[in-house]
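In the UniProt record's numbering, the protein residues as written are 1 to 1202. One structure is given here, and the rest of the page talks about it.
Below you can see the structure in the form of structure tokens.
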């Protein structure tokens, strides 16, 4: 145990002592006797006597800090117990300056992580408890401020939770802070990519049920603070796990998921069965993992592949390749010897060969030949040699490894393609890699894994200590050069890989010998390194040796090292893959061929000597590539700890964790972070950020800049003078100084901003006061005038109401007396009581009264449409407003109805429903309500009279825009809770007719539409809704010029659709659908489409009889054309913007006249028949020398042409 403080231990002091369990424990000194001390351990009741040499004084009892830099007791014991205290309080993460320390909780924390992600924002992260999200936010901010790409590298022993930590961190960096403005891949795609790689690259080991067996680098590219794309890199794949596993270990997860997730029929089609039947899966005798369902994981894997856009046919090919690998592993060979003593091999199970060939889509005979023979080229001749039994097995395993590794590389390529192209720029890279491993029996796999971890440890020391110390020296900052020196592991790296006698180099050399063996390899290691303190040989075993790693001494068993390190030449494997017709294998083959050619070129450039390809050579190359990737960014380390070997979430094994604390160099890291200056800015950057804290002139040279920096720090943070240093070109600060400076800047800015805001608010308020004062005076003037006018209108209406009430009471009284005198029957009395309103006494306007009472009530047959209404109906898609539920008609009643409640009325009203500004509008509103009462309640009206009355009401809405909402309000008021179905039916017909001629105002439209859609109106709901939507569908829609036609009255009464027949000049006839809001141009286009015309522009409609042709512009409503001809003179519009021409055969009455008389007669006829002094435009368009005019047949429309 290192000594924290050299001061003498005294009675009553708090101390650390070395317990019998091998780890330090806290205690208090009760007594001191010469060389021994009587102590009271904190975790025991009994006192203990220990030598003074095993007791170290504690500086402080405070331990549970969020940042261990605050520890006063700088020792491994203090770090160990601080981590244990936080672990007991369920605190997994602890800061150590810029480094994060994580303890594997061995429990699922996904739900809690989602809740905490929103808390750790850019402003709050440093004030919250230590957490991975706070660490990620700090890295993200550093990327933004520095403009340099960042890397996060979790390191530690096996089982320390690195993979889960990486997944949680990636999820946070891609969705936790930045989900609101995502531009790149979705969270589902990212999680799917991680799941796919986990299935294909993770496996169960003796220490971890989900151990990463490669190095996965996740590159997250950001653009303007938002995730733009993501890219994956994969190195150091443990390919030899595919063909061999230790006891209680498994192959890669995907094979077990495949066998558990496929159905019985699918398994049969691929020749698959239970995992115990496959050599590549049954060596570890651990086909299942506790608390893990391979079947459900397979379903999740399929969904993940779909999410990253891997097609179903590719998924089928992947399944074929995985099944082929399993069948390849079951192929075994038999060695035979002929009479001459020549040995040869043959395949012992043809069925497995046939399955493999079938799945790879190649000839079984070719596969057998490729596995049992090889082609040797010498002197431009090719010789076929038979392989030995061992070489045939190596060829089989090499083919399986290359297939699997190439498949994984192809998956990474497809995932990267799905996640978006690499855009360069600023990025955060997260590295997930296997940790240091040590077991009772350590083989070739552990040697490879631990060599890579030694390289990572060397990189950590170089980045965290060597680079820092070099910068301190260059800036002439006083520094303790010994910090971090004990962590240097260069000697171990040299022992393992230095040429020519490094252990990995000796192993590669042994593989080059045809008869190389494990014993020879160990002997060479002993002879080369017998004097090295980091290497030792166990005499009782010929295959074992020990290496002193940074994690401690580790004993290796070299059995099988040479065979496992051999790697079959890729050209042999390529020759096998080239025979396959599988589409996925053909795609993979192109990448494998390219990689092989690159390897050949590299070897040709390095040496002309033929060297056997080995696993360790590829391992060293991938390790160097990994470190080169990290060198391109600023790396942040997360030191991960495994709390115990039993995977128990409640146990913190002090002895086990103490070993990791020492190995990971947490004490040296703490010293570096506590006594160092992690935050640094150049003099120019410092002055740019903080120069306004003191009024200084701009500095031109370095000396002035340094002087200004020193004055600013001396003035602002003079009480923290020991926490910053001024270098030659940079300012070095601790976090407390940086926080104090930032707070000072923030306060100064707040003061300045408050002053500016004060002046701005005063100016805005004064200007606003003047505007409000002027506006209030204007409003008061308008309101006083309006109140006076309203008061006058109310007095006038009250007088009128009293007169009408007296007359109504007298008339009703007379009616009851007449009914009593006549002694009507009880049935007549009941019918009278059921009537909604008495309308006989309501007078009609004189002009309307004469029209109605001179009608016969029967419409002539020649005016009735005879077209087939079964014509296919062309529905037009109309969009209902999405916010309609916000506009109930009750709300409109509360807002706009004036002195009225919403209920059906029996008597005329004395005030309009809606506000009117002049007496004329008020009188018209009152008259319209009387007419609506007559229309809805007068059962004595005949059909023709009913049409005239409705058209008169609608004519008022057409002529007076201000009355349209009033008409709709009166109709809806009479429809609301109307007890008589016949009267309600008439009201709905009247509303449909109104919506055929003029739309409500935009302020009332949604309220009316809501009322219609929520009413039960016996089939009128859809009809009225469509007419209302049609009325506002076109931006150019305003209002029709004439009331509805008789055809519209009939169609609305029958709830039917309308059609008209049209003709070309050659007599061709077609029937087309027409709506109330159909324009002449639309009707022409619809008819031309049915005739088969492709060019519809420039066409219009005209009506012809024997002597006259009437022409209409294309942007006018077609039914207005017909309505004008039907209406009596009293209901016609004053003007019509179409014109009438006389046909040639209509000139018979001009015969016998002189030329001069004919011209005068034609001129007079043309003047009299013209219906408008407006010039006709748009009705016809010239296309070359041809006029395009379409006429509508007279006999098939309601028209009154003479």
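Each residue gets a CB set at the ideal place from its N, CA and C atoms; glycine is no exception.
| How would you write the range of the alpha helix (DSSP H) that residue 1071 sits in, first residue to last? | The count along the chain shown starts at 1 and reaches residue 1071 at position 1071. That residue, residue 1071, is in no alpha helix (DSSP H); its beta strand (DSSP E) goes 1069-1074.
| By Cβ distance below 8 Å, which residues in the same chain neighbour residue 31 in space, the five residues on each side in sequence not counted? | Residue 31 sits at position 31 when you count from the first residue of the chain shown. Answer for residue 31: 11, 37 and 38, listed in chain order.
| Whose C-alpha, out of 156, 146 and 235, is nearest the C-alpha of residue 623? | Here residue 623 is taken as the residue at index 623 of the chain shown, counted from 1. Cα-wise, what sits closest to residue 623 is 235.
| What's the C-alpha gap between residue 847 and residue 910? | Residue numbering aside, residue 847 sits at position 847 when the chain shown is read from its first letter. Residue numbering aside, residue 910 sits at position 910 when the chain shown is read from its first letter. Their backbone Cα atoms lie some 23 Å apart in a straight line.
| said: Under DSSP, the beta strand (DSSP E) around residue 234 begins and ends at which residues? | reply: Taking the chain shown and counting its residues from 1, one reaches residue 234 at position 234. Residues 226-235.
| message | Three or more C-beta pairs under 8 Å: does that hold for the region 340-359 against the region 408-428? | response | no
| said: At 4 residues or longer, what runs of the alpha helix (DSSP H) sit wholly inside the region 143-183? | reply: 162-171
| task | Can you give me the Cβ contacts of residue 550 inside the same chain, cut-off strictly under 6 Å, excluding the 5 residues immediately before and after it? | result | Working through the chain shown from its first residue, we reach residue 550 at position 550. These residues qualify, in order along the chain: 457, 489 and 663.
| Between residue 1041 and residue 978, which are expected to be in contact by the criterion C-beta below 8 Å, what is the C-beta distance as a whole number of angstroms? | Translated into the one-based positions of the chain shown, residue 1041 becomes position 1041. Translated into the one-based positions of the chain shown, residue 978 becomes position 978. In fact, because the Cβ distance is near 31 Å, the residues do not count as touching under 8 Å.
| Under the rule that 16 or more other beta-carbon atoms within 10 Å means buried, what is residue 1069, buried or exposed? | Here the question's residue 1069 lines up with position 1069 in the chain shown. When all chains shown are included, residue 1069 counts as exposed.
| task | Pull up the distance between the alpha-carbon of residue 849 and that of residue 1000, whole angstroms please. | result | If you number the chain shown from 1, residue 849 lands on position 849. If you number the chain shown from 1, residue 1000 lands on position 1000. The straight-line gap from Cα to Cα measures roughly 28 Å.
| said: Can you check which of these residues, 1079, 1031 and 989, is closest to residue 1050 by C-alpha distance? | reply: Walking along the chain shown from the start, residue 1050 turns up at place 1050. Per the Cα distances, 989.
| task | Kindly indicate which residue of 1010, 852 and 998 has the alpha-carbon position closest to the one of residue 943. | result | Counting from 1 along the chain shown, the entry for residue 943 is found at position 943. That would be 852, whose Cα lies nearest to the Cα of residue 943.
| field | Terminal residues of the beta strand (DSSP E) in which residue 545 lies | value | Position 545 of the chain shown holds residue 545. 544-549 is the span of the beta strand (DSSP E), which, as asked, contains residue 545.
| query | Curious, which full-length alpha helix (DSSP H) runs of at least 4 residues does the region 933-1004 contain? | reply | 943-959, 964-975 and 981-995
| request: Report back the beta-carbon spacing between residue 308 and residue 217 to the nearest angstrom; my notes put them in contact at under 8 Å. | output: For the purposes of this step, residue 308 is taken as the residue at position 308 of the chain shown. For the purposes of this step, residue 217 is taken as the residue at position 217 of the chain shown. Not confirmed; about 18 Å, so no contact.
| task | Please classify residue 295: is it buried, with 16 or more other beta-carbons within 10 angstroms of its beta-carbon, or exposed? | result | Counted from its first residue, the chain shown places residue 295 at position 295. Exposed, because fewer than 16 other Cβ atoms sit within 10 Å of the Cβ of residue 295.
| request: State the DSSP-derived secondary structure class of residue 640, mapped to helix, strand or coil. | output: Numbered from 1 along the chain shown, position 640 holds the residue referred to as residue 640. Here residue 640 sits in strand by DSSP.
| query | Secondary structure at residue 333, three-state DSSP: helix, strand or coil? | reply | As a first step, residue 333 is located in the chain shown; it is residue number 333 there, counting from the start. Three-state DSSP puts residue 333 in a strand.
| Length-filtered (4 minimum) alpha helix (DSSP H) runs lying within the region 474-557 | 490-497, 503-512 and 518-529
| task | Going by DSSP, name the residue or residues bridged to residue 728. | result | Locating residue 728 in the chain shown gives position 728, counting from the first residue. Note: residue 728 sits in no beta bridge, so no partner.
| request: State the DSSP-derived secondary structure class of residue 1208, mapped to helix, strand or coil. | output: The question about residue 1208 has no answer, for the chain in this structure spans 1 to 1202.
| message | For a minimum of 4 consecutive residues, which ranges assigned as the alpha helix (DSSP H) are wholly contained in the region 378-435? | response | 389-419
| What are the complete beta strand (DSSP E) segments, minimum 3 residues, inside the region 292-362? | 333-337 and 343-347
| said: Three Cβ pairs or more, each shorter than 8 Å: is that satisfied between the region 331-340 and the region 435-444? | reply: no
| field | Touching by the beta-carbon criterion (3+ pairs, under 8 Å), the region 1050-1061 and the region 958-966 | value | no
| Roughly how many angstroms separate the alpha carbons of residue 85 and residue 79, rounded to a whole number? | On the chain shown, position 85 is the one that residue 85 refers to. On the chain shown, position 79 is the one that residue 79 refers to. Each residue's alpha carbon lies about 10 Å from the other.
| message | Here's the rule: buried if 16 or more other CB atoms are within 10 angstroms of the residue's CB, otherwise exposed. What is residue 891? | response | Numbered from 1 along the chain shown, position 891 holds the residue referred to as residue 891. It is exposed - the Cβ of residue 891 has fewer than 16 other Cβ atoms within 10 Å.
| Who pairs with residue 109 in a beta bridge, going by DSSP? | Residue numbering aside, residue 109 sits at position 109 when the chain shown is read from its first letter. Paired residues: none, contrary to the question.
| message | Suppose contacts are defined by Cβ-Cβ distances below 7 Å. Is residue 208 in contact with residue 254 by that definition? | response | Indexing the chain shown from 1 puts residue 208 at position 208. Indexing the chain shown from 1 puts residue 254 at position 254. Going by C-beta atoms, residue 208 is not nearer than 7 Å to residue 254.
| task | Mark residue 343 as exposed unless 16 or more other C-beta atoms lie within 10 angstroms of its C-beta, in which case mark it buried. | result | Here the question's residue 343 lines up with position 343 in the chain shown. Exposed.
| Range of the contiguous beta strand (DSSP E) that encloses residue 1038 | Here the question's residue 1038 lines up with position 1038 in the chain shown. No beta strand (DSSP E) holds residue 1038; DSSP gives it neither H nor E.
| query | Do you know whose CA, among 756, 1085 and 139, lies nearest residue 220's CA? | reply | For this step, residue 220 is matched to residue 220 along the chain shown. Among 756, 1085 and 139, the Cα nearest to that of residue 220 belongs to 139.
| query | Going straight from the alpha carbon of residue 795 to that of residue 802, what length do you get? | reply | In the chain shown, residue 795 corresponds to position 795, counting from 1. In the chain shown, residue 802 corresponds to position 802, counting from 1. Cα-Cα distance, rounded: 11 Å.
| Alpha carbon to alpha carbon, what distance is there between residue 192 and residue 364? | Here residue 364 corresponds to residue number 364 of the chain shown, with the count starting at 1. Here residue 192 corresponds to residue number 192 of the chain shown, with the count starting at 1. Straight-line Cα distance between these residues: approximately 36 Å.
| request: Quick one: which unbroken beta strand (DSSP E) runs of 3-plus residues sit fully inside the region 655-709? Chain order, please. | output: 679-682
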